[in-house]
């Protein structure tokens, strides 16, 4: 320890996360040992938290599995034949459907195409089997223009009891609402 001449001193102790403590008026005498027990108080923590917005990884309000196809995806993605229902292939657990007597271009969630349920603005949009068979046996009743659809959701599994008549996928589509502006596409 360095040599300190006799006199009055003050000692300050600092440590990260604690407030600094100072003892003043210490008198050092020759050949004397001083014990200075410091009790440091917890200091203010300087911490910054940055929160960025993002889509949640898990929707905790429902157990259904599905994906929303929004208007920007509907309008901007190229579609062969301009069939809006082809965009259902963007959702997970969906595969193309070919070679059967239906105009539904995909099946999803492992269900059969007869078990799919198509809703357009909340109204049933299925062509029903005349013999009373499954929902959507022959496919989709109405296919609106791509420009008329606001968004749609393909639910593939664990949907609510409100969709109890279906054992396949649920496709819920909404059309755009009217405005006072003239809109069009060519």
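In this note's numbering, the protein residues as written are 86 to 271. Here a beta-carbon is modelled for each residue, glycine too, at the ideal position from N, C-alpha and C. In this text, all values refer to a predicted model and were calculated from it rather than measured experimentally.
- Residue pairing from DSSP places residue 151 in a beta bridge opposite 240.
- In the structure shown, residue 157 adopts helical secondary structure according to DSSP, grouped into three states.
- DSSP places residue 257 inside the beta strand (DSSP E), whose first and last residues are 255 to 260.
- Secondary structure of residue 224 (DSSP, three-state): strand.
- Closest by C-alpha distance to residue 250, out of 152, 178, 213, 146, is 213.
- DSSP, read as helix, strand or coil, puts residue 173 in helix.
- In terms of CA proximity to residue 176, 193 leads the group 185, 193, 189.
- Nearest to residue 101 by alpha-carbon distance, out of 125, 112, 95, is 125.
- At least 9 Å separates the beta-carbon of residue 242 from that of residue 173.
- Residue state for residue 106 is assigned as strand, using DSSP reduced to three classes.
- Per the coordinates, the alpha-carbon of residue 180 lies some 24 Å from the alpha-carbon of residue 206.
- Contact annotation: residue 258 and residue 244 have beta-carbon atoms that are not nearer than 9 Å.
- The residue among 261, 203, 225, 266 with its C-alpha nearest the C-alpha of residue 240 is 203.
- Pairing residue 191 with residue 170 gives a Cβ-Cβ distance under 9 Å.
- The three-state reading of DSSP puts residue 206 in coil, since its state is none of H, G, I, E or B.
- A straight-line Cα-Cα distance of about 35 Å links residue 160 and residue 135.
- When DSSP states are grouped into helix, strand and coil, residue 230 belongs to the coil group.
- Ranked by Cα distance from residue 120, the first of 96, 103, 263 is 96.
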